[in-house]
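Novice: Numbering (my numbering), first residue to last: 2 to 474.
Cβ coordinates follow ideal geometry from the N, Cα and C atoms, glycine included.
Please read through the structure below; I'll follow up with questions.
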Ligand code: SAH
Ligand code: SF4
Ligand code: F3S
């Protein structure tokens, strides 16, 4: 493995559909350079690191400067219409570059490639290569094909591919925190969601390759790994050599045992699947972070049923209670969708109400965006007017802002162990890090006592809605 870039990046932004641009390295040894930009979830960002590794082995270097690229890749997201629009807009911006540089190849990777397949080539004439999430190993061959002037497509989904043997090249890494994919695909079929169609069947990655990758990260100085899957609680692996069956709780434990100095996070849990064993395992190990992302989507049992989430409002609330009972200082966050098909004012009130009940520390909030081919698109009319969706979303956001502020206020006076991720965005004289609860804490540097990747004990003195401010104790 190789670290090619050292730039801090708050990866949570990915969930908002923001792009990130890779780094520039002085790599005279490579005759061709690729530029890759990622959209969507953390898994997509991690996939870009796998793509970088595959291309690097074939003799391609990476560049942060799109003007220097011989190959431009967009790793795309289809989860909401806005995410797709962002990609199309970006593609039109590349048109100029392509005119100026004949031979420049443009490739679309990821979920939008999978959803639109060869249709992409008809819709977006300047695209040369279309590759779905399970077909990245074929990229070098596809590039060769495209270099001869043909259009190259591979959108085959796989039941086995986990890229287990590929060591991701960390793009835009802060050198402290990294993602490790533990599974791919999703079998859940939430009715609003395009992911099962773009990412295919759920499959777990070999436990040994996960432990090896996490151990290697730690040995290279990383201090935090986030285990990634669309539904981590259904992780399941039978180790052929030992005949051991590994559940997610057991995997968490194995990663936690690599070193007490290595923090472990994970995303995402499904409320129907998160077990007591997982919650107890988090409680047992100091280095497994006290933070659970538990997407609720809606607070109304009727809507949850239409969403095919397979839990009720009461089930969800019982899970929240269970978490707080076993891990009293556990932070909880959620994903929430406003204005799903048939949602009434009463359903919406149920959502606001379950937010109050759960006291989320933060949330990712969206209004419903119908995705072609999903169960909801086939079965239900997208009947909540856009203005209503937006108004309900604004109410949800306003409530979350209040809850976040309240949660931060409660932290004032408390002391936390903070993993330093780098300089604060606003000033080099301040460090930025996170506590176990995943909250960002900013504090002044004193006497160069600490460096990036160190743990510091920080007492919180004040806060804004999004950030805690403190000082080293
Ligand atoms: N696997 C994760 C989330 C995947 S997508 C999970 O099960 O929670 C991330 C979030 O995007 C979802 O939790 C949901 O809140 C939101 N989302 C998915 N499809 C959407 C749609 N069609 N419209 C609006 N938001 C959507
Ligand atoms: Fe989509 Fe549901 Fe799977 Fe999450 S669990 S990826 S929301 S289908
Ligand atoms: Fe988007 Fe695909 Fe992730 S649709 S959210 S990039 S799995």
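Give the C-beta separation of residue 106 and residue 129 to the nearest angstrom, bearing in mind that I take them to be a contact with Cβ-Cβ under 8 Å.
Specialist: 5 Å
Novice: Using the beta carbon as the reference atom, which residues fall closer than 6 Å to any heavy atom of the ligand SF4, ordered along the chain?
Specialist: Result: 187, 189, 190, 191, 194, 196, 197, 231, 232, 271.
Novice: Got a sec: does the ligand SAH put a non-hydrogen atom nearer than 8 Å to the Cβ of residue 80?
Specialist: yes
Novice: Taking residue 185 as the reference, which of 435, 294, 48 has the closest Cα?
Specialist: Closest by C-alpha distance to residue 185, out of 435, 294, 48, is 48.
Novice: Pick helix, strand or coil for residue 277, following the three-state DSSP scheme.
Specialist: For residue 277, the secondary structure class from DSSP, reduced to helix, strand or coil, is helix.
Novice: Nearer than 8 Å: is that true of the beta carbon of residue 40 relative to any heavy atom of the ligand F3S?
Specialist: Residue 40: yes, Cβ under 8 Å from the ligand F3S.
Novice: Only counting the same chain, and skipping five residues up and downstream in sequence, which positions put a Cβ closer than 8 Å to that of residue 85?
Specialist: 77, 78, 79, 113
Novice: Using the Cα positions of residue 141 and residue 361, report the straight-line distance between them to the nearest angstrom.
Specialist: 44 Å
Novice: Can you check which of these residues, 103, 154, 91, 415, is closest to residue 117 by C-alpha distance?
Specialist: 154
Novice: Does any heavy atom of the ligand SAH sit closer than 8 Å to the C-beta of residue 298?
Specialist: yes
Novice: In chain order, what residues of the same chain lie with their CB nearer than 8 Å to the CB of residue 318, ignoring the 5 residues before and after it?
Specialist: 355, 358, 359
Novice: Whole angstroms is fine: what's the gap from residue 81's alpha carbon to residue 448's?
Specialist: 47 Å
Novice: I need the DSSP call for residue 137, collapsed to helix, strand or coil.
Specialist: helix
Novice: Going by DSSP in three states, residue 408 sits in which element: helix, strand or coil?
Specialist: In this structure, residue 408 counts as helix in the three-state DSSP scheme.
Novice: Whose C-alpha, out of 231, 282, 168, is nearest the C-alpha of residue 202?
Specialist: It is 231.
Novice: In this structure, does DSSP put residue 337 in helix, strand or coil?
Specialist: In the structure shown, residue 337 sits in a strand (DSSP, three-state: E or B).
Novice: Residue 338: beta carbon under 8 Å from a heavy atom of the ligand SAH?
Specialist: yes
Novice: What runs of the beta strand (DSSP E), each 3 residues or longer, lie entirely inside the stretch 391 to 467?
Specialist: 416 to 424, 431 to 435, 441 to 445, 456 to 464
Novice: From residue 93 to residue 134, what distance separates their C-alpha atoms?
Specialist: About 23 Å.
Novice: Would residue 297 and residue 335 be called neighbours here (beta carbons separated by less than 9 Å)?
Specialist: yes
Novice: Taking DSSP as the reference, what is the three-state secondary structure of residue 25?
Specialist: Summary for residue 25: the model assigns pLDDT 44, below 50, so the residue's position carries little reliability; its value from the coordinates is reported in the next sentence. Coil, per DSSP.
Novice: Just to confirm, does residue 375 get its C-beta within under 8 Å of one of the non-hydrogen atoms of the ligand GTP?
Specialist: No copy of the ligand GTP occurs in the structure displayed; its ligands are the ligand SAH, the ligand SF4 and the ligand F3S alone.
Novice: Looking at the unbroken alpha helix (DSSP H) that takes in residue 253, where does it start and where does it end?
Specialist: 249 to 257
Novice: In terms of alpha-carbon separation, which member of 126, 144, 180, 171 lies closest to residue 132?
Specialist: 144
Novice: Specify the secondary structure class of residue 100 as computed by DSSP and reduced to three states.
Specialist: Correct three-state label for residue 100: helix.
Novice: Hey, how far is the Cα of residue 161 from the Cα of residue 207?
Specialist: 11 Å
Novice: Just reading off the alpha helix (DSSP H) that residue 114 is part of, what are its end residues?
Specialist: Here the alpha helix (DSSP H) through residue 114 covers 112 to 117.
Novice: Using a threshold of 9 Å, state whether the C-beta atoms of residue 228 and residue 212 are closer than that.
Specialist: Taking a C-beta distance under 9 Å as the contact criterion, residue 228 and residue 212 do not qualify as a contact pair.
Novice: What is the DSSP secondary structure of residue 40, counted as helix, strand or coil?
Specialist: coil
Novice: If you draw a straight line from the C-alpha of residue 266 to the C-alpha of residue 151, how long is it?
Specialist: Each residue's alpha carbon lies about 43 Å from the other.
Novice: Consider the C-beta atom of residue 209 and the heavy atoms of the ligand F3S; say whether any pair is separated by less than 8 Å.
Specialist: no
Novice: Using 8 Å as the cut-off, classify the Cβ of residue 451 as near or not near the heavy atoms of the ligand SAH, replying yes or no.
Specialist: no
Novice: Can you round the beta-carbon distance between residue 1 and residue 60 to whole angstroms, since I take them to be within the 8 Å contact cut?
Specialist: With the chain represented from 2 up to 474, any question about residue 1 goes unanswered, as that position is not in the structure.
Novice: Distance check for residue 263 and residue 225, CA to CA, integer angstroms please.
Specialist: 5 Å
Novice: Within this structure, are the beta carbons of residue 189 and residue 271 separated by less than 9 Å?
Specialist: yes
Novice: Excluding the 5 residues preceding and the 5 following residue 378 in the sequence, name in chain order all residues of the same chain whose CB lies nearer than 8 Å to its CB.
Specialist: 371, 372
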